[in-house]
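Using the numbering used here, the first residue of the sequence shown is number 36, and each one after it goes up by one. By construction, the Cβ of each residue, glycine as well, lies at the ideal position given by its N, Cα and C atoms. Below is one structure; the comments refer to it alone.
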Amino acid sequence: MSDSQFDQLRKVIYQRAGIHFLDSKKYVLESRLSRRVEELEFENFDQYIMYLTTGPYQMDEFQEMFNRITINETSFFRNEPQLLYFEQQVLPKLIEARQKTKTLRIWSSAASSGEEAYTLAIQLHRSLGIRAMDWKIEILGTDISEKVLLQAQEAKYPHYAVRTLSPMVLQKYFKQEGSFYHLDPSLKTMCRFEKLNLKDRISARRFGTFDVIFCRNVLIYFDDEMRKGVINMFHDQLAKDGTLFIGHSESLRNLNVKFEQIAAPQAFAYTKL
Ligand SMILES: C[S@@+](CC[C@H](N)C(=O)[O-])C[C@H]1O[C@@H](n2cnc3c(N)ncnc32)[C@H](O)[C@@H]1O
């Protein structure tokens, strides 16, 4: 891949999804898309860029490309101290505040293969116990990659994916079948998964307002302009008393957005100003 091909590709990727490939990540793009160029029997990246940006297969090829270039690393109970803050500090107050409507809506906005959304379902189940039956809980997982969303919808994980779960949680919420662990259907029904590009604020509106939004480990792939757009979208779609959680290596500093950081170490959480 020449520098000019890299520039053209990263420009269209940025325009479509806000994902910003640094100069140092040229090899990542090259290694992930070389096989695709071969599969399509193109002779070079110029032909691939033409195919991607003109003609009848643009939309399908963009999807195929996002399936390949996104980093989907995730795990159950990823960053446990932060999730404990959610479970022990945020959830009890929210349950109290929503006593009348008994409705809770949570958005896992870069859901990958579903581990984050299902972790939240486990935490909600633990917090509400038998009361969960009286509540309408909706955990929405969205992602730009269809490939990972299909995995999320299956709620079936290999041994490696459940390695971070305690034996107690594994036994209580999963059923082992062969070499796979299937999530309990009662938790699975709390969650649904939909495709959403975080750059598409208009599409996001159809999902309505949420009490808690998780946007972890995806802002790092965006530049400030895209981050600001995404965070403003969350501002519009977060309840007045809602909480936004971001990844531990991410920050809203310098974005000039209407959020205030919660003063709790390891929470990486924000409320609306
Ligand atoms: C590293 S994973 C993070 C998963 C999970 N939130 C976690 O922290 O474990 C980042 C996810 O963001 C998704 N993603 C990247 N750009 C996106 C965009 N513009 N819109 C929606 N999802 C995007 C990727 O497909 C990937 O699944």
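Just the Cα atoms here: how many angstroms apart are residue i and residue j?
i: glutamine 301; j: leucine 205; result: 25 angstroms
i: glycine 282; j: leucine 44; result: 27 angstroms
i: isoleucine 179; j: proline 127; result: 31 angstroms
i: leucine 273; j: threonine 109; result: 24 angstroms
i: asparagine 232; j: valine 125; result: 27 angstroms
i: serine 286; j: glutamate 76; result: 42 angstroms
Looking at residue i: is its Cβ nearer than 8 angstroms to the Cβ of residue j?
i: tyrosine 192; j: phenylalanine 215; result: yes
i: threonine 177; j: lysine 230; result: yes
i: asparagine 107; j: serine 147; result: yes
i: tyrosine 120; j: alanine 299; result: yes
i: leucine 68; j: methionine 100; result: yes
i: phenylalanine 280; j: phenylalanine 249; result: yes
Indicate the three-state DSSP secondary structure (helix, strand or coil) for residue i in the structure shown.
i: isoleucine 174; result: strand
i: isoleucine 255; result: helix
i: leucine 44; result: helix
i: lysine 128; result: helix
i: serine 143; result: strand
i: arginine 227; result: strand
i: alanine 152; result: helix
i: threonine 88; result: helix
i: phenylalanine 215; result: strand
Enumerate in chain order the residues of its own chain whose CB-to-CB distance from residue i is below 7 angstroms, with the five nearest sequence positions on each side excluded.
i: isoleucine 174; result: Ile141, Ser143, Ala152, Leu155, Ala156, Met225 and Cys226
i: valine 292; result: Lys263, Ile266, Asn267 and His270
Let me check one thing: in DSSP terms, what residues is residue i bridge-paired to?
i: leucine 273; result: Phe245
i: leucine 185; result: For leucine 185, which the question treats as bridged, DSSP gives no partner whatsoever.
i: isoleucine 281; result: Cys250
i: histidine 160; result: For histidine 160, which the question treats as bridged, DSSP gives no partner whatsoever.
Ordered along the chain, which non-local residues of its own chain (more than five positions away) have a Cβ less than 8 angstroms from that of residue i?
i: proline 96; result: With the sequence shown as reference, residue 96 is identified as glutamate, and proline is not the correct amino acid for it. Only Tyr86 and Leu87 meet the Cβ criterion.
Less than 6 angstroms between C-beta atoms, sequence neighbours within five positions excluded: which residues of the same chain meet that for residue i?
i: glutamate 295; result: Thr306 and Leu308
i: tyrosine 256; result: Ile54
i: isoleucine 48; result: Ile54
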